[in-house]
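Numbering (the numbering used here), first residue to last: 33 to 338.
Report on the structure given below.
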């Protein structure tokens, strides 16, 4: 998104389209960044991944209509790229298909645009919810007493997850005090079904707890922009930060210097020895105390915090 933001700023009148997974690219579609999204799972597109294939005329015309294409696809043999050239694509820039250690991911993803003379100094992602997105959020939060805290116990990788028992204890502690937050929203996706089933059972009689399960990403962003957020190194944490939520993000085995959101109101809490099982609830609870006040981005070692 920082790369797209810089591209849009440099060419405000250009037509920008995204070829990707629609449920993800939806956060950019007609929301400042992109004018349209086309699914990368479109069946006829598979021919572009075959050497010397007969290419569909409509897709040849489609790719040939752009002044330049930036591709982040894994294409080691340049099969896709060569088929783009056969279609008449005027200029093709290659972005990294994989992120390497040592440099923040957003900076690595922005490098191809330097070939266009576009320098990117702001690596903070930003989301622009539509009126419809915010209308959904207004309805969703209508019965929620503010301040609201969003909790996302998942990440898509067990190694990056704080134990679910700790999330349960944290939620119960915060609900008991009712000082910082009056509503807790558990955020989840399809990969978090097991944890969500347990949480729904535990908190089914708690009116202060809501569940935001598998919401479209623009709707979720609009909900989170009115919340404080705690999560792991995950796409949802980046979504929360990009929405403008004040965030506390728990990092274990992954490197926040590469993967942490670069937004101002993001606090990073590092687990001892990169092991989230060693991060205790009291440390996270104390760190949550600081987040609502708004803090500059700060990496804190859990051993020495508070």
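Glycine included, C-beta positions come from ideal geometry on N, C-alpha and C.
For residue 103, the beta-bridge partners assigned by DSSP are 126. The three-state reading of DSSP puts residue 136 in coil, since its state is none of H, G, I, E or B. Leaving aside the five residues that flank residue 207 on each side, the residues in its chain whose CB is nearer than 7 Å to its CB run, in chain order, 216, 238, 240.
Sequence-distant partners of residue 67 (beyond 5 residues in either direction) whose C-beta falls short of 7 Å from its own C-beta, in its chain, are 47, 48, 49. Nearest neighbour of residue 167 by Cα position, chosen from 254, 100, 90, turns out to be 254.
Bridge partners of residue 49 according to DSSP: 68. Counting of Cβ neighbours within 10 angstroms places residue 34 among the buried residues, the total reaching 16 or more. Per DSSP, the unbroken alpha helix (DSSP H) holding residue 322 starts and ends at 313-322. Distance from the CA of residue 160 to the CA of residue 145, rounded to the nearest whole angstrom, comes to 22 Å.
Sequence-distant partners of residue 162 (beyond 5 residues in either direction) whose C-beta falls short of 8 Å from its own C-beta, in its chain, are 62, 63, 250.
When DSSP states are grouped into helix, strand and coil, residue 43 belongs to the coil group. In the displayed model, residue 98 falls within coil according to three-state DSSP, outside both helix and strand. Comparing C-alpha distances from residue 58 to each of 247, 187, 140, 106 shows the shortest one belongs to 247. In the three-state scheme derived from DSSP, where H, G and I count as helix and E and B as strand, residue 168 is classed as helix. Secondary structure of residue 307 (DSSP, three-state): coil. If the five residues before and after residue 42 are omitted, its C-beta is found closer than 6 Å to the C-beta atoms of 150, all from its own chain and listed in chain order. Between the beta-carbon of residue 269 and that of residue 293 there is about 7 Å, and that keeps the pair under the 8 Å contact cut. Residue pairing from DSSP places residue 61 in a beta bridge opposite 66.
Setting aside the 5 residues that flank it on each side, residue 214 is surrounded in the same chain by 177, 178, 179, 240, each with a C-beta closer than 7 Å to its C-beta; the list follows chain order. DSSP lists no bridge partner for residue 118.
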